[in-house]
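A.B. asks: Each step along the sequence shown adds one to the number in this note's numbering, with nothing skipped, and position 17 is 17.
We put the beta carbon where it would ideally sit given N, CA and C, even for glycine.
This one's a predicted model, so the numbers in the text were calculated from it and none came from an experiment.
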Amino acid sequence: MKKKIRALPFSIQKRCQIKEGEPLPLKIAVAVVVVVVVVVVVVVVVVVVVVVVVVIVVVVVVVEVIVVVVVVVVVVVVVVVVVVDVVVAAVVLVVVVDVVVAAVILVVVVDVVVAAVVLVVVVVVVVVVIELAAAAVGQRISRGKVFAKLLKLCSFHCEIKTSSVGNDVTGHLVRSALSSLANLGMP
Numbered sequence: 001m002k003k004k005i006r007a008l009p010f011s012i013q014k015r016c017q018i019k020e021g022e023p024l025p026l027k028i029a030v031a032v033v034v035v036v037v038v039v040v041v042v043v044v045v046v047v048v049v050v051v052v053v054v055v056i057v058v059v060v061v062v063v064e065v066i067v068v069v070v071v072v073v074v075v076v077v078v079v080v081v082v083v084v085d086v087v088v089a090a091v092v093l094v095v096v097v098d099v100v101v102a103a104v105i106l107v108v109v110v111d112v113v114v115a116a117v118v119l120v121v122v123v124v125v126v127v128v129v130i131e132l133a134a135a136a137v138g139q140r141i142s143r144g145k146v147f148a149k150l151l152k153l154c155s156f157h158c159e160i161k162t163s164s165v166g167n168d169v170t171g172h173l174v175r176s177a178l179s180s181l182a183n184l185g186m187p
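1. Which whole runs of the beta strand (DSSP E) in the stretch 84-115 are 3 residues long or more, in chain order?
2. Measure the alpha-carbon distance for Val52 versus Val75 and round it to whole angstroms.
3. CA-CA distance, Val42 and Val72?
4. Could you tell me the alpha carbon to alpha carbon distance between Val101 and Val117, rounded to whole angstroms?
5. Check Val165 in the structure and name its three-state DSSP category.
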């Protein structure tokens with residue numbers, strides 16, 4: 001038996017006729033299903049949007065971390081290059097200092113050798129001059145006496161200065177040689 005809903009207008013009453021014991025009409029079920037599907041779709045869309053946003057944030061964070069790591073690596077490489085440059089400069093400086101010290105030592109040794117050669121030449125010249133002078137005046141002086149006297153004079157009068165061998169040493173040696181002629185007992 002069909003029952004009519006009297007409170008509703010006639011057209012709606014005609015559409016919503018429900019038999020006793022029958023399930024809900026198909027349209028209501030479809031409407032409920034549509035609402036459920038729409039809610040599920042909305043939830044899925046919201047979840048997808050949230051997942052996309054989270055993925056974008058993670059990608060941005062990873063990119064920033066990669067950029068920071070690259071910057072740190074570049075800074076470390078620059079620092080290593082600077083340290084290597086400083087070490088190389090220090091090694092070059094040490095080598096240059098060693099070369100300069102070796103050159104100075106060589107100059108000092110050359111000065112000493114030149115001073116010794118000048119001293120020997122002056123002593124030989126003085127000995128020859130003394131012997132010639134002694135032979136000219138008729139006296140004979142032994143070479144031992146001459147060398148002893150010259151060594152004694154040189155130890156008191158000759159200063160060998162390695163910084164200026166040319167002037168000071170030569171001057172002292174010449175003055176010593178000339179003054180030795182008067183100190184050897186010659187008339």
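C.D. replies: Put simply:
1. With a minimum length of 3 residues, no continuous beta strand (DSSP E) run stays inside the stretch 84-115.
2. Computed Cα separation, rounded: 34 Å.
3. Here the alpha carbon of Val42 sits roughly 45 Å from the alpha carbon of Val72.
4. Between Val101 and Val117, the C-alpha separation is close to 24 Å.
5. At Val165 the pLDDT is 46, less than 50, meaning the model places this residue with poor confidence; the figure from the coordinates comes in the next sentence. Reduced to three states, the DSSP call for Val165 is helix.
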